[in-house]
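Written below as structure tokens is the structure these notes are about.
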Amino acid sequence: MSKIMLQDAVRMTDDPLYLRLRDGYWQYFKPAPGVKRGDYCMAAYGTLDGIITLAGPGDDYRGAMLSLTGTQLPRPKTQSLITVTLDDGDGNPSTVRAINYAQSGTKLGTIAFAVPSADAMLGGMKDTTHYRLTFGKNQAFEIGWKNGDEARRKLKQCVSGGGA
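Quick note: the sequence shown uses my numbering, first residue 7, plus one each step.
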């Protein structure tokens with residue numbers, strides 16, 4: 007049994023997707039053709055722990071969104087508002103209402119936070135960030151990113167109408 011597990015572990019270290027997730031990586035999504043310039047800009051950071059998605063304004067919604075997705079997050083049958091505490095390590099955790107939903111066809115749950123504006127979202131981005139998300143007193147999820155300065159620059163360029 008342990009020989010099989012060791013062989014599987016060796017195979018994983020050769021898998022490019024596993025290596026990308028192990029190291030963490032940014033992916034950028036360009037708005038669809040015909041969309042108003044500066045709308046629907048999005049970046050996602052993927053790791054073995056899950057995905058962090060940063061999305062700018064779109065259509066009538068002029069705010070932004072920070073979404074955390076992972077297998078350790080709740081998967082409600084229907085989308086709901088929940089109270090969560092988000093701590094980014096700055097010493098000022100925030101307890102807020104957030105949207106919780108299941109990713110259809112997967113074992114992933116998502117908790118999405120409304121951000122007042124793209125400027126507020128971009129202004130809060132650091133090069134390295136670590137989030138701790140808790141429900142009440144129970145720690146539920148930890149995830150972070152690195153190389154956030156480049157992501158902020160690309161998102162800012164897109165939101166300002168310059169494309170992703």
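Beta carbons are placed, not taken as given, at the ideal position from N, Cα and C, and that holds for glycine.
Taking its Cβ as the centre, do 16 or more other Cβ atoms sit within 10 Å of residue i, making it buried, or is it exposed?
{"i": "L161", "result": "buried"}
{"i": "T75", "result": "buried"}
{"i": "A3", "result": "A question about residue 3 goes unanswered here, because the residues of the chain that appear run from 7 up to 170."}
{"i": "A157", "result": "buried"}
{"i": "P22", "result": "exposed"}
{"i": "M7", "result": "Reliability of the predicted coordinates at M7 is poor, the pLDDT of 45 falling under 50, and no value is obtained from them."}
{"i": "V165", "result": "buried"}
In this structure, does DSSP put residue i in helix, strand or coil?
{"i": "T91", "result": "strand"}
{"i": "T53", "result": "coil"}
{"i": "A38", "result": "coil"}
{"i": "Y46", "result": "coil"}
{"i": "R81", "result": "coil"}
{"i": "L161", "result": "helix"}
{"i": "L25", "result": "helix"}
{"i": "G76", "result": "strand"}
{"i": "T112", "result": "coil"}
Measuring alpha carbon to alpha carbon, tell me which residue in the options is nearest residue i.
{"i": "I149", "options": "S86, D21 and Y31", "result": "Y31"}
{"i": "A108", "options": "T116, V121 and V102", "result": "T116"}
{"i": "S86", "options": "N106, T101 and K132", "result": "N106"}
{"i": "K83", "options": "G56, G111, R103 and V102", "result": "G111"}
{"i": "Q163", "options": "L27, R28, T19 and R43", "result": "R43"}
{"i": "A118", "options": "D133, T53 and T91", "result": "T91"}
{"i": "G167", "options": "M71, R103 and P37", "result": "P37"}
{"i": "K132", "options": "L60, P39 and D29", "result": "L60"}
{"i": "S73", "options": "L27, R138 and G40", "result": "R138"}
{"i": "D155", "options": "G130, D20, N144 and T89", "result": "G130"}
{"i": "A104", "options": "T19, Y67, M71 and D29", "result": "M71"}
{"i": "I58", "options": "L114, T101 and D20", "result": "L114"}
{"i": "D66", "options": "I88, T77 and V41", "result": "V41"}
For residue i and residue j, which I take to be in contact (beta-carbon distance under 8 Å), what is that distance rounded to the nearest angstrom?
{"i": "A120", "j": "G69", "result": "6 Å"}
{"i": "W151", "j": "T135", "result": "5 Å"}
{"i": "G64", "j": "Q33", "result": "Contact doesn't hold; Cβ gap of about 18 Å is too wide."}
{"i": "L54", "j": "L27", "result": "5 Å"}
{"i": "A126", "j": "L79", "result": "The Cβ separation is near 23 Å, so there is no contact."}
request  = Taking 8 Å as the threshold, find out whether the segment 44-64 comes into contact with the segment 90-102 through three or more Cβ pairs.
outcome  = no
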